[in-house]
Amino acid sequence: MGAKQGFLEFKRETPVTRDPKERVGDYKEIYEPMSEEALNHQAARCMDCGVPFCHSGCPLGNVIPEFNDAVYEEDWKSAIEILKSTNNFPEFTGRICPAPCEASCVLGINKDPVAIELIEKTIAEKAYELDLIHAKIPEKRTGKRVAVIGSGPAGLAAADQLNQAGHEVTVFEKGSKPGGLLRYGIPDFKLEKWVIDRRLEIMAEEGVIFSCDTEVGFNIKAENILSNYHAVVLATGAAQPRALNIPGNDLKGVHFAMDFLGKQNQVISGELDKNPIDAGGKHVLVIGGGDTGSDCIGTSNRHGAASITQLELLPKPPQKRKNENPWPEWPMTLRTSSSHEEGADRLFSILTKEFVGNEKGEVTGLKLADIEWKAEGGKMYFEEVPGTERTIPCDLAFLAIGYTGPAEDGLLEAFGVKRLENSLPKSKNYKSSAQGVFLAGDMRRGQSLVVWAISEGREAAVAVDEFLMGTSSLPQKDESYFHVVDDLEGVD
Ligand code: FAD
Numbered sequence: 127m128g129a130k131q132g133f134l135e136f137k138r139e140t141p142v143t144r145d146p147k148e149r150v151g152d153y154k155e156i157y158e159p160m161s162e163e164a165l166n167h168q169a170a171r172c173m174d175c176g177v178p179f180c181h182s183g184c185p186l187g188n189v190i191p192e193f194n195d196a197v198y199e200e201d202w203k204s205a206i207e208i209l210k211s212t213n214n215f216p217e218f219t220g221r222i223c224p225a226p227c228e229a230s231c232v233l234g235i236n237k238d239p240v241a242i243e244l245i246e247k248t249i250a251e252k253a254y255e256l257d258l259i260h261a262k263i264p265e266k267r268t269g270k271r272v273a274v275i276g277s278g279p280a281g282l283a284a285a286d287q288l289n290q291a292g293h294e295v296t297v298f299e300k301g302s303k304p305g306g307l308l309r310y311g312i313p314d315f316k317l318e319k320w321v322i323d324r325r326l327e328i329m330a331e332e333g334v335i336f337s338c339d340t341e342v343g344f345n346i347k348a349e350n351i352l353s354n355y356h357a358v359v360l361a362t363g364a365a366q367p368r369a370l371n372i373p374g375n376d377l378k379g380v381h382f383a384m385d386f387l388g389k390q391n392q393v394i395s396g397e398l399d400k401n402p403i404d405a406g407g408k409h410v411l412v413i414g415g416g417d418t419g420s421d422c423i424g425t426s427n428r429h430g431a432a433s434i435t436q437l438e439l440l441p442k443p444p445q446k447r448k449n450e451n452p453w454p455e456w457p458m459t460l461r462t463s464s465s466h467e468e469g470a471d472r473l474f475s476i477l478t479k480e481f482v483g484n485e486k487g488e489v490t491g492l493k494l495a496d497i498e499w500k501a502e503g504g505k506m507y508f509e510e511v512p513g514t515e516r517t518i519p520c521d522l523a524f525l526a527i528g529y530t531g532p533a534e535d536g537l538l539e540a541f542g543v544k545r546l547e548n549s550l551p552k553s554k555n556y557k558s559s560a561q562g563v564f565l566a567g568d569m570r571r572g573q574s575l576v577v578w579a580i581s582e583g584r585e586a587a588v589a590v591d592e593f594l595m596g597t598s599s600l601p602q603k604d605e606s607y608f609h610v611v612d613d614l615e616g617v618d
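Here it is as C-alpha cells:
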C-alpha cells in the first residue's frame, strides 16, 4: 500500500448530507460532493492488513485493498479495472449498499472502518467522467440465444456477463423501463434513475436487447420463450409481500409499502401524474423496521405527513456490538437511516393487534401493545406487557414486513420449475429443476440486497455459459472461500 500510516493520520469521513429540512423538499440524492483530497485520505486509511476480511464480507468478493491503493495513487484507470473485475454496477452499490465489507474491515476491530462504499462510488463516477467506462462490444458471437426474465440487478448482471461471453441476450421486463426495484422500489433520494439509464445505454450499445412492457407468462408464453431461446434465466425478484393478518387490514388506507413507493418513483420519472396514495397531512404508521419501512418514512416526509411512526416487533438493537456478535460478523446494532434523520418516531417491541376504522371503512387508528422479549432453551419468544394496550391515530398504514418469495403468478410453474416448501424455487448451482432454466437474485435466494442480486446474476451467467458451451471463461467466485451455501436443495 502507498500510505503506510494513513489509518493513524486520518479519521473516517463520509460526505456531508444536505440539511434534512431542505432535502425533504425534493427527491434528489442527499449527499454533497467530497473533495479529492479528502477522498485520497480515506483511501489512505486502508492499512495493508494482510488478511483483508473485507473481500469475503463483500458478496461480490470485491478486491478492496487493491482499489483503495489505486485511488490513493490517483490511478483511476487501474481502480475501475479492479472494481469492474468483480462488480458490473459499482455506481449502484456505491450508493445503496449497506456495505457488509465495511462491517468486516480489519480497521473496524478498534477504529472506524475504511469508507469503502464512498470510495467505490467515487471510482465509478470518476471513471465515467474520464470516459473509462464505455461500450465494449463482444468480438465474437456464439449463435446461442438467452432470455433473461426480469431486469433488476440480478437480471442485468446476468445479461451483461452473458452478452460479454458472446451470447445473444434479450431481457424481458414487465415494467415500462428496465431496472427492477432499483427503478420502481428504491426511492430517487437514494438512487436517482439517470444512474440506471446511463448504464442501460451502454448495455444496449453492447448488444443487449431490452423488451419492456412484456410480462412473460402473459404477453408472451413460457413455451414461446423455451422454444426460441437456448437458455432462460429467471430473475423476477421476490415480489410476494408478507401480509399482516390482523383484524381491519382490509380498511381503506392500509397498503403494502410497494404500492406507495413504486408509484412515487413513477411520479418522479413522469410516468404517472400523481401518487394515488397521498401521505400529505396524514398520521402515517410504518409497520416494519427495515429498508422498505425507512423508504416509506422518507417518502411520507416528502409528501408532508402530519406525523410518522415506525413500529417494530423486535427489541431496540444496541448502539454497539454485543459480545456475542463480534467483528467481523454483520453488526446487529441500531441503524439510523437518512430517512430517520428527516423525522419519525420509532417504537420497538410493539405488537400490532388491530386496525380500527370509521363507518366509511377508513382506517383511523391502530390498537397495539408493548411486548417483552424472553429467551428459553435458545429460543426467543414474547409476552404482552399487561396494561399497555392502546390505540394510536392512523390515517395511512404501510406494511413493510418483508416478502415471502417469488410472486404467486404461475411463472415458475409455467417454466416447469419446482418450488421448495418455503415457496422459493428448488435450485442447485443456479440451475432450476427444469432443463435449461436458471435462477438468480431475490427470486432464488429470497429478499436480499442489490449486491447479492449482482453476485447471483454473475454466478448464474457462469452456469448458463457452461450449459451452452461446455465450459466457461467468465469469472466465478471460489465458493469454498466465500462460504456461500448455494445449493438450496432438491436439484441433481
Ligand atoms: P428485482 O429488483 O425485484 O427485479 C425483478 C424484475 O422482474 C422486476 O423488474 C419485475 O418487474 C420483473 N418481472 C417480474 N415478473 C416478470 C415477468 N413475468 N415478466 C417480465 N418481468 C417480470 N437493497 C440494497 O442493497 N440497498 C437498499 O437500499 C435497498 N433498498 C430497498 C428498498 C425497497 C423499497 C425494496 C423493496 C428493496 C430494497 N433493497 C435494497 C433490496 C433490493 O432492491 C433487491 O434485493 C434487489 O433489487 C433484487 O434484485 P432482483 O434482480 O433479484 O429482483
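For the sequence shown, my numbering gives the first residue as 127, with consecutive numbering after it.
Even glycine gets a Cβ: it sits at the ideal position worked out from N, Cα and C.
Please read these numbers as outputs of a predicted model, since none were measured by experiment.
Test item: CB-CB of residue i and residue j under 9 Å
i	j	result
S230	C180	yes
K408	D521	yes
K252	A205	yes
E255	V240	no
A587	L352	no
G542	V576	no
L282	P264	no
F481	I372	yes
G343	A540	yes
C132	A170	The sequence given here has Gly at residue 132, not Cys. Cβ atoms of G132 and A170: closer than 9 Å.
I245	N214	no
G278	G306	yes
L537	A348	yes
N391	K486	no
E438	G415	yes
R149	F315	yes
Burial state of residue i, where buried means 16 or more other Cβ atoms lie within 10 Å
i	result
Y355	buried
M506	exposed
Q445	exposed
E299	buried
T212	buried
L165	buried
G583	buried
P313	buried
R516	exposed
I423	buried
N427	buried
H167	buried
T140	exposed
N484	exposed
E450	exposed
E615	Per-residue confidence for E615 stands at a pLDDT of 48, beneath the threshold of 50, marking its modelled position as unreliable; no derived number is given.
N91	Residue 91 lies beyond the stretch modelled for the chain, which goes from 127 to 618, so this question has no answer here.
N-terminal and C-terminal residue of the alpha helix (DSSP H) that residue i is part of
i	result
S353	348-354
T362	Element bounds for T362: n/a, residue is neither H nor E.
R324	320-331
A579	576-595
T425	417-429
V197	190-198
L209	202-210
I308	One point to set straight first is that residue 308 is Leu, not Ile, in the sequence displayed. Here the alpha helix (DSSP H) through L308 covers 307-310.
Opposing strand residues paired with residue i [DSSP bridges]
i	result
E510	I497
A523	V380, L411
K554	K557
G491	V482, P519
K505	E502
I434	V410
D471	T435
Y254	Answer by DSSP bridge pairing: none, since Y254 is not bridged.
R271	E294
Y157	T143
R545	P551
V342	I346
Run of the beta strand (DSSP E) containing residue i, from where it starts to where it stops
i	result
Y529	529-531
H381	380-382
V482	476-483
S337	335-337
L565	563-565
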